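First the structure, in the form of structure tokens, and then the observations on it.
Chains as they are written, first to last, in my numbering: chain A, 1 to 371; chain B, 1001 to 1341.
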């Protein structure tokens, strides 16, 4: 399944949570890959393990969680095995995460600008090169626009160009460049008046603007992988549309891979390239987005698609999946979906079906399709 | 508008919340949450109320039920103005109108068994001839909503979100009401469970001849559930029409934008999402004229000067806009202003 253009490969990931009531078997052999530059949707109902998957990748699992097996390979390094400063570096430059509720994750007593530059200043060595080249690009663009730079800018350009690749900047110089860099990023996430936003505190911004600021903070590190966990769930439809549009634009501008976690299939249809459907700690189906919506194979995916009310159609009765998501302390044996599955047969309750490639690129975990 | 059989009607209803400030706690401003709403809910229909957060849809539903006091205007329930009724005079109406709240985790008392939660309204309204009779009522009801009598002795934490919402629906139905306000009844539920609850609500409406006011921000759900739909923006209803007509042929630029910003669960229809720029203005300082003009692509100078009328442009289709806009060509015709009322 692993290919050279893959940024992230997750293999056989099993995670348990220890609780007083017993062990919650949250992930049960999760496997997928994320290709370079793609948006992978991770969909499922609450309790299906989407957020646990994200937290495991980022290494943010709480104390009572235990990773039983599996590996998370980001560009050849197993994140689960890294420790200390190596892990810190990998987290700073490798992965960034954007959460559901920006109000909770932004620091209310720091300005947006200082929250962006703070990340950069925490590891000056990693970001110096990026800051210099970004400022030089700006200056070159200004030169191209206006044909000539003012003497001061000309001088600055000369100085920056003369710097060696591994230059060490003074704190003051670093901060000055970091500010220009942060303004660029704020501009890139289409925030109006970046200068004003830079100096604003989170309470001065609307929900949509805060979420843009969160995305800016994540992108500032130029991560290889961006984890977006329910980023539009707390927003109104009109603001959600703005953020989805932004994601579509950013996808073309930068080559970061994105894992978009959501329970909303319409959001998936709008921005994702491939989709992984999760149910009770398993990925039950993985396919290209067009293929999945046109030709869903797993009975759970079929049920899920049939149960969404559509704004563009009237239907008298919605089909629903009977029952509810199982308790993962004592999950059903065999296929975890079999108690709710309309097509279940004997074998389903006895063995766990393997993830098979039914047609090229279309994986499904169900005995109906072999295995 | 008067000849229809309305179970509930509001006439120019206002609800303003004062903002206290300063050392003396004087009123320094007002949040105009509901700002002049005239609506009617016909007997047996489901009226949808949609809008973004902060548009006043929840305040409207609470005010209609007299859970908050209206600042001004009338609420007419079955021909009686209940907006100023108090105590014993209001109580019979309380029985006839009930509410199902958004979050069944918050709306059920964790220390009360399901049986006790369902019997309480019967006691309050002195319904049923004996305790045994009340028990029978409750047992029958719990089966109606798709649970079984064994569940009655359990406590809310033993149920899933969908089951809790069924209990909340059952509790609203114990006193045999005619009118139910459903405030985002499925927005805290998963999609597969949401479909179960929506189907249940439809089935109950047919069985008990209920009238619903369905408050939601989810347009897809509203389209499935409602006969007529009202779109709210900044405390006012800007468009009201039969649901199908509203979705096929929206007339207000806000409705148009709202519909266009809903993503479809279909990757082949991944077109450019129409994006409405900017944010909703604060309901404290509402600008004069049309409230949508700052975000509207069709606004003119007149929109800032003249308050748009709420006119019926087609049969049963009301719009609060100065212009009749053709969204495909962008052409707009001024709507004739009615005599001032």
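C-beta: ideal position from N, C-alpha, C; glycine also. A quick note: this is a predicted structure, and the numbers were derived from the prediction, not measured.
For secondary structure counted as the alpha helix (DSSP H) over 4 or more consecutive residues, the segment 235-291 of chain A holds these complete runs in sequence order: 237-253 and 265-271. Around the beta carbon of residue 1192 (chain B), a 10 Å sphere encloses 16 or more other beta carbons of the protein chains shown; the residue is thus reported as buried. Around residue 293 (chain A), the beta-carbon contacts reaching into chain B at under 9 Å are 1265, 1266, 1267 and 1268.
Taking 8 Å as the threshold, the shortest C-beta distance from residue 1162 (chain B) to chain A falls below it. Taking a C-beta cut-off of 7 Å against chain B, the contacting residues of the segment 45-74 of chain A are 45 and 46, listed in chain order. Not flagged as an interface residue toward chain A: residue 1227 (chain B), since no C-beta distance is shorter than 8 Å.
Just measuring C-alpha positions, the residue of A:335, A:324, A:286 and A:292 sitting nearest residue 1164 (chain B) is A:324.
Inside the segment 1097-1179 of chain B, DSSP marks whole beta strand (DSSP E) runs of 3 or more residues at positions 1097-1100, from first to last along the chain.
In the DSSP assignment, residue 1199 (chain B) falls within the unbroken alpha helix (DSSP H) covering 1191-1208. Counting C-beta atoms within 10 angstroms of its own C-beta, residue 20 (chain A) has fewer than 16 neighbours from the protein chains shown and is therefore classed as exposed. Residue pairing for residue 166 (chain A): DSSP places it in no beta bridge. Here residue 1229 (chain B) is bridged, per DSSP, to B:1048 and B:1241.
In the DSSP assignment, the residues bridged to residue 1323 (chain B) are B:1334.
Within the same chain, Cβ atoms closer than 7 Å to the Cβ of residue 123 (chain A) are found at 92, the five residues on either side in sequence being excluded. Burial state of residue 84 (chain A) is exposed, judged by a 10 Å Cβ sphere holding fewer than 16 other Cβ atoms. If you draw a 10 Å sphere on the C-beta of residue 1104 (chain B), you find 16 or more other C-beta atoms in it, and that means buried. For residue 1018 (chain B), no alpha helix (DSSP H) encloses it; the enclosing beta strand (DSSP E) starts and ends at 1006-1021. Contact check for residue 280 (chain A) against residue 355 (chain A) fails: the beta carbons are separated by 8 Å or more.
Contact annotation: the segment 1092-1104 of chain B touches the segment 1181-1196 of chain B, with at least three C-beta pairs closer than 8 Å. In the three-state scheme derived from DSSP, where H, G and I count as helix and E and B as strand, residue 187 (chain A) is classed as helix. In this structure, residue 95 (chain A) lies near residue 74 (chain A), with their beta-carbon atoms less than 8 Å apart. Secondary structure note for residue 7 (chain A): its beta strand (DSSP E) is the uninterrupted segment 6-19.
Within chain B, 1190 and 1191 have C-beta atoms less than 9 Å from the C-beta of residue 263 (chain A), given in sequence order. In the three-state reduction of the DSSP assignment, residue 149 (chain A) falls in the coil class. When secondary structure is reduced to three states using DSSP, residue 1277 (chain B) falls in the coil class, being assigned neither helix nor strand. If you look at residue 193 (chain A), you'll find it isn't in any beta strand (DSSP E); DSSP assigns it neither H nor E.
Those residues of the segment 88-112 of chain A placed with their C-beta closer than 8 Å to a C-beta in chain B do not exist. If you draw a straight line from the Cα of residue 366 (chain A) to the Cα of residue 304 (chain A), it comes to about 16 Å. A direct Cα-to-Cα measurement between residue 1208 (chain B) and residue 1092 (chain B) gives close to 19 Å. Within the same chain, and ignoring the five residues on either side of residue 1014 (chain B) in sequence, the residues whose Cβ sits closer than 7 Å to its Cβ are 1034, 1035, 1036, 1070, 1071, 1072 and 1073. Excluding the 5 residues flanking it on each side, residue 1020 (chain B) has same chain C-beta neighbours closer than 8 Å at 1026, 1027 and 1028, in chain order. Non-local beta-carbon contacts of residue 369 (chain A) in its own chain, meaning distances under 7 Å to residues more than five positions away in sequence, involve 297, 356 and 358 in chain order. For residue 1217 (chain B), a Cβ of chain A is located within less than 8 Å of the residue's own Cβ. Annotation: the continuous beta strand (DSSP E) that includes residue 95 (chain A) extends over 95-98. Under the Cβ criterion (8 Å, minimum of three pairs), the segment 146-155 of chain A does not count as touching the segment 206-215 of chain A. DSSP lists B:1014 as the beta-bridge partner residues of residue 1072 (chain B).
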